[in-house]
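Structure, as C-alpha cells:
Number of protein chains: 2
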Amino acid sequence: MRILILGADGYLGWPTCMYFSQRGHDVVGIDNYFRRNAAIALDCEPLLPTPNLIQRAKIWEKITGKRINIHVGDATNYAFLLKIFKEYKPDTVVHYAEQPSAPYSMINQEKAAFTLQNNLISTLNIVYAVKEANRDCHIIKLGTMGEYGTPNIDIEEGWLEINHKGKKDKFLFPRQASSLYHTTKIQDTDMLWFYVRTWGIRVTDLMQGPVYGISTDEADRDSQLVPNFHYDEVFGTVLNRFVVQAVANYPLTVYGKGGQIRGYLNLKDTMQCVYLSATQPVKNGELRIFNQVTETFSVNELADKVCAVGNKLGYNVNINHIENPRKEKEEHYYNPKYTGLLELGLKPNYLTDDELTGIFRKVEQYKDQINRDAIFRGIKWSAETLSGTA
Amino acid sequence: MRILILGADGYLGWPTCMYFSQRGHDVVGIDNYFRRNAAIALDCEPLLPTPNLIQRAKIWEKITGKRINIHVGDATNYAFLLKIFKEYKPDTVVHYAEQPSAPYSMINQEKAAFTLQNNLISTLNIVYAVKEANRDCHIIKLGTMGEYGTPNIDIEEGWLEINHKGKKDKFLFPRQASSLYHTTKIQDTDMLWFYVRTWGIRVTDLMQGPVYGISTDEADRDSQLVPNFHYDEVFGTVLNRFVVQAVANYPLTVYGKGGQIRGYLNLKDTMQCVYLSATQPVKNGELRIFNQVTETFSVNELADKVCAVGNKLGYNVNINHIENPRKEKEEHYYNPKYTGLLELGLKPNYLTDDELTGIFRKVEQYKDQINRDAIFRGIKWSAETLSGTA
C-alpha cells in the first residue's frame, strides 16, 4: 500500500516509517519539526542524537535499498497537505502530527492555543484532503487512553450502549481528560465521528496508552536510526523517564501517591497495532476504535520494577514521592478493555525484566549526555508560565 | 453587576446588552463584526437595517441615559481580550462570539477551519482571561441543543448517570451533532469542563434551541435598536425564515419530510434565561448546564403554524418539501428535559398566533427589502463549495 505518515520525525513516526518500508510498502513521511524545535527551545533535547528526517531516510535507503519519501511541511497548512495527498494518493494516512505533550499544553495561553489549533486544524485538513483526493483513504488517528480519564465504570473500547428510562442507544464512551492536550484528542474524536457519519470516510482511532522502549527491529539496524528518546518532563513518557533517572542516580519522580493506574505498551507493539490496523482497514462510514495498551500498571508498580532491575544492574535507585504538579486522582478504579487489537493479531511484548534491561543497556551508552536539569522542572497544571520559557 | 458581552453585534448579543443595561447593570460589548461582514460577502444581509454598535449604543444612551461601552475587536486575539478583562474586571461574561451558522461551517475547508479556530480559540481565551483577571468571573456560554443530536433516549439537562456492569458514574450527556458548527460547541463543552475541573472556574452552559422573534421591550423602543434579523439560509433561523418566505410569497422551504423535531424559544426568553443565569450564578468549580428551550415542534408543525397565521393575514402560503441539503434524521425520537430554567424563574413566551402575527407585522414593514435570492441556495452538507462564494 501507499502510506502517508504525518509526524514522521516523532518517537512513533520514524519507527513507523521504517516498519512499513521494511514490509514493502510505499512510505511518504511529513513533519514540520515542531517537536524538534520545541525541545531545543525548552532545553530538553532527546538523549540519543537523531539526524534530520532526510538524513535518516538516506541512511535507511543505504542499508535497505528502500526509499522513504520525506517532505518537510506543516499539516495545518491545507494547501501543502492537499498537494501531498493529490501527488501521492495514499491508501492510508497515519496522523501522528499532533502536539503530543500534556505538560506543554498546560504551560501558558500561547502554548495551549498552539496545541488546540495544531491538533484540530491538522485533523480537519486530513479529513478535507481525504475527501478531496481519495475518499477511500483510511485515516488512522492516534487517540489516547487519557481521553477516558479514570471513570468509575469499566472502560469499553470506544463505544457504550446506554439504557435509559426504558430506551437504549449506542454512543461514544464518555470522555473526560486531565490535560488540554488530552482534551484536544477528545475534540478530534468528536470531529472525526461527525465527518465519518456525514461524508462516509473511514477512520480507525487508536486509543493509545503511554509507550515505552527504544528498540524496534528496524531501529536496531543502525545507531542513527533510533527514535527520538525523550526523558524530560515535557516530551518523555514515564517509564523511559524512570530508566534515565535510575541511570543518572536521580530519585524516581513519582507524582503524589503514585496510585495512578494507566495502560502501557511497548514501542514495538505500537508498530504492530498500526500495521494491523492499516492492513485490516475498516469500512467506509465507520469509526473503529481500539484501546491500544497491552497491560496496566500503577506508577508505583513501574517505579518498583525500575528499582528492581536497576538495583540488579548495580544502580542504587531511590524513589521520591514529589508533590503532584498535575491535577489527577492518585487512587481510583481503572478497568479498561483491550481485546480488539489482540483479535486482529497483536502479539504483545510485555514489560519483562529483560525488556527493561534492554532499555537500561541502551540508555547507559548515552549516560554522559543526560541533562539533569531537563528531568524535572514541575510544570504545574495551575501554573501560568514555566520559568524561563515564556 | 458588570457584564461583558462578546458578540454584542449579534441577533442575541445586542438585545442582551440592552436588557442588562435597562436593569441597571454596567454593560461592556465587544464584537469583531464577523457576521456583519460575512453577510455582506455572501449577499445575505439582514432584513432590517442595523446601525453599527457604536451608533446603536449612542441611540440607546440618548433614549435611556444609560451607557453601554463598546469595543470593536476580536475575542480570538488574546492580548485584546485580556486587556478588556483587566480594564473592566467583569463579574459575568456572556460568550456569543462564536461563528453561529451550521451551513457556513459546511461550505468549504476555509470556512470550516475558520469556525473551528474562531469558536475554540475564543473560548480558550475567555478561560485564560478569567483565570488571569478575575477567577470568580462567571462564564455564560451559549451551547446548543444540537450538540445532543437526536438520540433514541431521553435528553437530560447536560448530565447523565450511567450504570454499567454493576458500577456507576456521572458524565456529560452523550453528544453527537449534525454540523461542524454544532460539533465546535461540543468541543467547547469538553474544554470548559476540563478547565472547570482543573482551575475551579465557574461556567453556565446554555444549550439553546433555535431562537425566533424580533421583539424585546428594549428593541421596541426605536426602529434603529432592532436586532439583526436574518432570513437567509446561512444566518437565519427556521421560524424567522418561514415568516419572511410567507410574506415574500415564496413557498416555505421544508427540508425533506419535515419530521425533524427541535426545541425552540422566543428571543424574549433568551434574554430572560441569560439574565436568570447571570443573576443566580453557579459556584466556582461547577459546570451548570440548562436546556434552553420552551417547547418542541417538528418543522412541519412550524410550517403549518406559519401557513395558518399567514393565510389569516391574507397571504397565500404554500409549503415546498425540498430535497434536504443537510444530513439529518427526518423522523426520530426526541424527548428533551427543560425544567432547570423554569425553576430559576423563567416565564415562557410561547409561540402563539399573536406572537407569530407580531413577527409578520414587523416583517411586512420591510417587505420591499426582501432579497429573494438569499432565501435558499442549497448549501449541501456534502458540497465542497457554494457557488459564487469560494
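Protein chains in written order, with this note's numbering: chain A, 17 to 406; chain B, 17 to 406. Backbone N, C-alpha and C fix where the C-beta goes; we use that ideal spot for every residue, glycine too.
Residue from the options with nearest C-alpha to residue i
i      : options                           : result
A/T7   : A/A118, A/E173 and A/Q192         : Outside the displayed span of chain A (17 to 406) sits residue 7 of chain A, for which this structure offers no information.
A/I375 : A/R393, A/L358, A/V259 and A/G330 : A/V259
A/V44  : A/C60, A/D25, A/A54 and A/L58     : A/D25
B/T220 : B/N265, B/A264 and B/V143         : B/V143
A/I84  : A/A95, A/L69 and A/A91            : A/L69
A/N282 : A/T232, A/G301 and A/G23          : A/T232
B/E359 : B/D47, B/D370, B/E346 and B/C289  : B/C289
B/G182 : A/R377, A/N53 and A/N351          : A/N351
B/A319 : B/P341, B/P364 and B/T253         : B/T253
B/R342 : A/Q38, A/T214, A/W175 and A/K127  : A/T214
A/K78  : A/F251, A/Y291 and A/R237         : A/R237
B/A54  : B/G330, B/Y120 and B/A91          : B/Y120
A/I46  : A/G216, A/K157, A/W30 and A/L362  : A/W30
B/H154 : B/D370, B/I21 and B/N307          : B/I21
B/L357 : B/L222, B/P106, B/C33 and B/F187  : B/L222
A/G6   : A/G23, A/H246, A/Y280 and A/Q261  : In the structure as shown, chain A starts at 17 and stops at 406, and residue 6 of chain A therefore has no counterpart that could be examined.
Through-space distance from residue j to residue i, alpha-carbon basis
i      : j      : result
A/N327 : A/V333 : 6 Å
A/Y35  : B/S194 : 38 Å
B/R218 : B/D185 : 22 Å
A/K99  : B/T310 : 49 Å
B/E344 : B/L208 : 27 Å
B/A149 : B/E103 : 9 Å
A/N316 : A/N336 : 11 Å
B/E400 : B/I56  : Low confidence applies to B/E400: its pLDDT is 49, below 50, so where it sits in the model is not reliable, and the reading given next is rough at best. Spanning the two alpha carbons is a distance of roughly 21 Å.
A/L241 : A/I75  : 8 Å
B/Q385 : B/A264 : 10 Å
B/Q71  : A/R278 : 57 Å
A/R191 : B/D204 : 14 Å
A/D206 : A/G216 : 15 Å
B/T373 : B/L329 : 8 Å
A/A129 : B/R18  : 27 Å
Residue-level contact to chain B via CB, residue i, 8 Å cutoff
i      : result
A/D233 : no
A/M207 : yes
A/N168 : yes
A/P267 : no
A/D185 : yes
A/Q115 : no
A/P31  : no
A/Y94  : yes
A/T312 : no
A/T405 : Confidence at A/T405 is low in this model, with a pLDDT of 40, below 50, so the placement of that residue should be treated as unreliable; the coordinate-derived value is given next. Chain B, which has no Cβ nearer than 8 Å to the Cβ of A/T405, makes this no.
A/K343 : yes
A/W175 : no
A/S398 : yes
A/H180 : yes
A/I46  : no
Test: residue i CB closer than 8 Å to a CB of chain A
i      : result
B/Y14  : This structure leaves residue 14 of chain B out entirely; chain B is present only between 17 and 406.
B/K353 : no
B/A118 : no
B/Q276 : no
B/Q125 : yes
B/L140 : yes
B/I202 : yes
B/T199 : yes
B/P226 : no
Residues near residue i by beta carbon distance below 6 Å, same chain, minus five either side
i      : result
B/A73  : I84 and I86
A/T286 : L28 and V227
B/D248 : C60 and A390
A/S314 : G275 and I277
Proximity test, residue i beta-carbon vs the ligand COA heavy atom, cut-off 7 Å
i      : result
A/I395 : With respect to small molecules bound, the structure shown includes none, and the ligand COA cannot be examined in it.
7 Å CB neighbourhood of residue i in its chain, flanking five on each side removed
i      : result
A/N168 : Y349
A/G81  : none
A/A406 : Low confidence applies to A/A406: its pLDDT is 35, below 50, so where it sits in the model is not reliable enough to give any reading.
B/Y366 : T310 and E311
B/G404 : The pLDDT assigned to B/G404 is 38, lower than 50, so where the model puts this residue is not dependable; a value taken from the coordinates is nonetheless given after this. So the list is empty, once near-sequence residues are dropped.
B/I450 : Absent from the model: residue 450 of chain B. The displayed extent of chain B is 17 to 406, so no value can be given.
Neighbourhood of residue i by C-beta distance below 8 Å, restricted to the same chain and skipping five residues each side
i     : result
B/D59 : N387, D389 and A390
### Message
Three or more C-beta pairs under 8 Å: does that hold for the stretch 315-326 of chain A against the stretch 253-269 of chain A?
### Response
yes
### Query
Between the stretch 108-118 of chain A and the stretch 300-311 of chain A, do at least 3 Cβ pairs fall closer than 8 Å?
no
### Message
Three or more C-beta pairs under 8 Å: does that hold for the stretch 157-166 of chain A against the stretch 158-175 of chain B?
### Response
no
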